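Okay, structure first, notes after.
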Amino acid sequence: MTTTVESVAPRPRRGLELLLLLLAIAIVLLAWVSVDLNRSGTVPANIVPVAGGLVLLAVVVHVVLRWRAAYADPVLLPITTCLNGLGLVMIHRLDLAAGRLGADGNAYRQIIWTAVAVALAIAVVVVLRDHRLLRRFTYWSLLIGFVLLVLPLLPGLGRTVNGSRIWIGIGGMSFQPGEFAKIALAVFFAGYLVEARDVLSLAGKKVLGFTFPRGRDLGPILVAWVLAVLVLVFENDLGTALLFFGLFVAMLYVATERVSWIAIGLALFAAAVAFALSTFSHFQTRVTLWLDPFSASSLERSDQLAKGLWGMGAGGLTGTGLGAGRPYLTPFADSDFIFPSLGEELGLFGAVAIIVLYLLFVERGIRTALGVRDGFGKLLAIGLSFSVAFQVFIVIGGVTRVIPLTGLTTPFLSLGGSSLLANWVIMTILLRISDQARRPMPDVVLPPSRGGAAAEATQVVKLP
Amino acid sequence: MNAPVRRLSVVIALLFVTLLVASTSIQFFQSQSLAAMAANKRTLLDNYSRERGGIMVAGKPIAESVAVKDQYKWLRTYPSAELYSQVTGFYSFAVGNPYGLEHAADGLLTGQADTLFVRRVTDLITGRQTSGATIELTINPKAQQAADQALGKSRGAVVALDPKTGAILAMVSHPQYDPNALASHDFGKAAKAWEKLSTNPDKPFLNRTIDDLYPPGSTFKVVTAAAALENGIVTDANSQVPGPAVLDLPLTDATLPTENRQPCGPGDKTTLVHALEISCNTAFGSLGMQLGGEKLRAQAAKFGFGDTLSIPMRVVPSSVPADLNAPQAAQSAIGQYDVRTTPLQMAMVAAGIANQGRVMTPYLVGRVRSADLDIISGAPQPQELSQAVSTRTADIVKNMMVSVVDHGSGARAQIPGVRVAGKTGTAQHDPKQPPHAWFISFAPADDPKVAVAVIVEDGGVTRSEVGGGRVAAPIARAVMEAVLGR
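First to last, the sequence lines map onto chains A and B. The opening position of the first sequence corresponds to residue 1 in the numbering used here, with each subsequent residue numbered one higher. The opening position of the second sequence corresponds to residue 1001 in the numbering used here, with each subsequent residue numbered one higher.
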């Protein structure tokens, strides 16, 4: 096999994006209409304004991208639109089942949040001209991320929901600051690691074939670990702790290319989990429920996992059809358990399609990380992609009994404004980085004194 | 940094593969087993949204699904309210597990039974909504009503059989309840009704004819007499048997007295038929000792003791304990010690004697029809459970039982112009409570149309056989009259 090296003239592919975007909207509208057809036998009366509004919203983002990020990845926005839309349809469907109509409905609030998220995305595309600007805020990001993470612990502000203290309440609104901490910490990790990677990857002692870092270089991972343990212990939230620590270890590994960091990370996390398991009954309960959700004593304690599984089982291969199943029997059917809800009504085929949509999203993120030229962008893109992938794994793995259930939101699908906003921002930053990655190199006029092979224009390497 | 990104992407791919495998496992491979879990309300709701078959007695529904305009589509109603409560049981979302026929015949009623497979396939092809089969019961509504009225406010049970086929003609258990309250779609109301029902100390949800075990008392002397005849210990009704005032039980200090503490006949001797007429404890106690526990147990087993029947509801097996010593055999021979029986089992004893010694397998379900009234299966062929005794023995015991009604303790079961055979019983169960009153009978003795067992809980009078004769026999007579059209 030979690898051909050639220059590829990058194409913006905005036309493809528009096509996929219209397809995504068509899927969402079809899903919405079938909910109403199955429940009341009529096409929703407001189909024309809603369809028009959706197309308008999508086209606005599309136009902004043409204007400000013409080379951005063409698949991310359609996938986001499709997932966001399917989430809305399921939330609307559960509203109908609960008799919440119009402005009382969760779907109504979620639509407003969607519009806010789109506006925020446009703002980010317009304001953030180059993702490298974020590097200036490396240490600010650490501070912001840390504050957001510990905010729920403040008395009077934090709210405990389902045993996890990961919410804050301001006025009548509640918010999950952890969702934004995810972005801030990814920015910090990327900025910090791109500077520290040489030290972290080169210095060290070799033991059993692995190169282990020097004691003093262990500082950052220990800080991240302590932060994760704090979240674990004081916010009772294994999911968030797992997500942040996993994100840090993954980015550390990418920055240093040293497997020993993963080994150290896993060992530290295992120790934390073992400690939590032996100390807190809350975690023991979760593990018991995970191992045997159907025993009488488990059902007595919490039957939500069992109900979700029964729902997915009821869906079978093809599903009951949207609006024709009973996802409303499962608690949190529109947030933590929205995946089983969709699985019940869309069947295994629908569930697989949703997982594949996430996979494609993450794949576009990884491709962006591979393509972008600066280290900071690479780390940020892989960090954000990994955070989405890992969060999907933790939450869907939780409801499908791969791992114990924890309280994370399903990106783009779940009911809840903070999650939606944060994930749209993640998508937008990936769009911005991908724009950089795919944009053709400007023709640089090289000063004569710095000529030579090193200054040749970088070529895009294309595999056959 | 691209190499670690690629390696990390392999890890990410593995994470997603795990999710795909888990979803496939749940939604494809485990779909059936998840649906079969008892606690899964979705399965229950699925069954609710399908039209459930009716349960019919003499052409009238005693349980039917009525279309309603709520999310469950079909409301289960019981038009006779209390009369058939333990027969139909109830089908309740609030309670979960159904009771009675609603449980035992669930496959037919939902249309999911194996016998309905072909019909389901055609439904699938023609796009017709699968609906349950309607089942017709063998119950005679007049007998059912007569039994219900005669039992009145007493706790107890009445069960009537056609001795020649085993068809159940009446099945009444008191106290009753209204299954409509439990089937209500107002789940709060239904749950409250169940709470009230399930905590009632009298346990109305039990079908006392098949779910509850009682000491049979003196009605069991019919089995003892049959065993003694079959094993040649006595030869006919007029054979001499011992009848002292008190029977000394070996191995123990205990004694077994007659009820009035008088000898049953002159010279402490009596005939078998007289012993049965006056229900002489010492006579049957000594027969029991002569027979020994095993022969008594074997005879009882031939009448069906120890069998687990489904009619299609499960019948709790009646029992005579194994390894009885002599005093225990004596006690067991008069239906005390640890002999335990359902009223249905005692009706089968009476029916077996009536039907020349052949005990027929009892059954409740006759024809089964589809929702569009096609007959799916006709009335079942009567099946012999066992030949409990020889025709000759059956004949002797029958005549002795006629004598019990004509001259003995069962006089209140007499029906003018009809030869009625019967046996009273008074079963002690708790020293602080009055004994249970029993009566088993069949009529007409020579061409039996109906065999009945009646028990009235705590209905007897201590140390007197009058309980069974005074309280239970008139109930049996009312049921027999209803069947015979008198």
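C-beta atoms are modelled at their ideal positions from N, C-alpha and C, and glycine is treated no differently. Quick caveat, the model's predicted, so the values are computed rather than measured.
Endpoints, the beta strand (DSSP E) within which residue i is located
i         : result
LEU1182/B : That residue, LEU1182/B, is in no beta strand (DSSP E); its alpha helix (DSSP H) goes 1179-1183.
LEU1169/B : 1168-1174
PHE1442/B : 1436-1443
GLN1240/B : 1240-1242
ALA1478/B : ALA1478/B -> not in any beta strand (DSSP E); alpha helix (DSSP H) instead, spanning 1473-1484.
GLY1422/B : 1421-1427
LYS206/A  : 205-207
Unbroken alpha helix (DSSP H) run spanning residue i, endpoints
i         : result
LYS182/A  : 178-202
LYS1192/B : 1187-1199
SER341/A  : 338-371
LYS1041/B : 1041-1048
LEU1161/B : Careful: LEU1161/B lies outside any alpha helix (DSSP H), inside the beta strand (DSSP E) at 1156-1161.
ALA271/A  : 259-279
GLY1053/B : Per DSSP, GLY1053/B belongs to no alpha helix (DSSP H) and is neither H nor E.
PRO1257/B : Where PRO1257/B is concerned, there is no enclosing alpha helix (DSSP H), although the beta strand (DSSP E) it sits in stretches over 1255-1257.
GLY383/A  : 375-399
THR138/A  : 138-150
GLY1285/B : 1281-1291
LEU133/A  : Unbroken run through LEU133/A: none, as it is neither H nor E.
Assigned exposure category for residue i - 16 Cβ within 10 Å defines buried
i         : result
GLY1111/B : buried
ILE1375/B : exposed
MET1480/B : buried
GLY87/A   : buried
TYR139/A  : exposed
ALA1067/B : exposed
ASN1047/B : buried
ASP303/A  : buried
ALA296/A  : exposed
GLY451/A  : Summary for GLY451/A: the model assigns pLDDT 46, below 50, so the residue's position carries little reliability, and this model does not support an answer.
MET441/A  : exposed
ILE1396/B : buried
LEU357/A  : buried
TRP113/A  : buried
ALA455/A  : Because the pLDDT at ALA455/A is just 48, under 50, the model does not fix this residue reliably, and the point stays unresolved.
LYS1189/B : exposed
LYS182/A  : buried
PHE234/A  : exposed
PRO1431/B : exposed
ASP1323/B : exposed
ARG1392/B : exposed
Supposed close pair residue i, residue j - CB separation, criterion 8 Å
i         : j         : result
VAL33/A   : PRO44/A   : 7 Å
PHE1284/B : THR1224/B : 5 Å
ILE1135/B : VAL1222/B : In fact, because the Cβ distance is near 33 Å, the residues do not count as touching under 8 Å.
ASN1207/B : MET1348/B : Incorrect: roughly 16 Å between the Cβ atoms, too far for contact.
GLY323/A  : ASN38/A   : 3 Å
ILE221/A  : ALA184/A  : Incorrect: roughly 18 Å between the Cβ atoms, too far for contact.
GLY1425/B : THR1219/B : 4 Å
ALA70/A   : PRO12/A   : 4 Å
ALA1472/B : VAL1450/B : In fact, because the Cβ distance is near 16 Å, the residues do not count as touching under 8 Å.
Counterpart residues of residue i in DSSP-defined beta bridges
i         : result
TRP167/A  : ARG159/A
SER174/A  : GLY169/A
LEU1247/B : LEU1256/B
ILE1455/B : ALA1157/B, TRP1438/B
LYS1449/B : Bridge partners of LYS1449/B: none, in fact.
THR1270/B : VAL1241/B
TYR1214/B : THR1341/B
ILE1415/B : VAL1418/B
The ligand NAP heavy atom lying under 7 Å from the CB of residue i
i         : result
VAL1234/B : Among the ligands in the structure shown, none appear at all, so the ligand NAP cannot be discussed.
Legend entry - Complete beta strand (DSSP E) runs within the region 1056-1139 of chain B (minimum length 3 residues, chain order): 1060-1067, 1074-1077, 1134-1137
Legend entry - beta strand (DSSP E) runs wholly inside the region 1349-1413 of chain B, at least 3 long, in chain order: 1358-1360, 1365-1369, 1375-1377, 1384-1387
Inset, instruction - Please specify which runs of the alpha helix (DSSP H), each continuous and at least 4 residues long, are wholly inside the region 41-124 of chain A, giving them in chain order. - result: 47-68, 76-98
Legend entry - Contained alpha helix (DSSP H) runs [length at least 4] in the region 209-255 of chain A, N- to C-terminal order: 219-234
Inset, instruction - Jot down the residue ranges of each uninterrupted alpha helix (DSSP H) in the region 1294-1357 of chain B, minimum 4 residues, whole runs only, in chain order. - result: 1326-1333, 1343-1354
Inset, instruction - Just list the alpha helix (DSSP H) runs in the region 274-319 of chain A, keeping only unbroken ones of 4 residues or longer that don't cross its boundaries, in chain order. - result: 281-291, 296-301, 304-315
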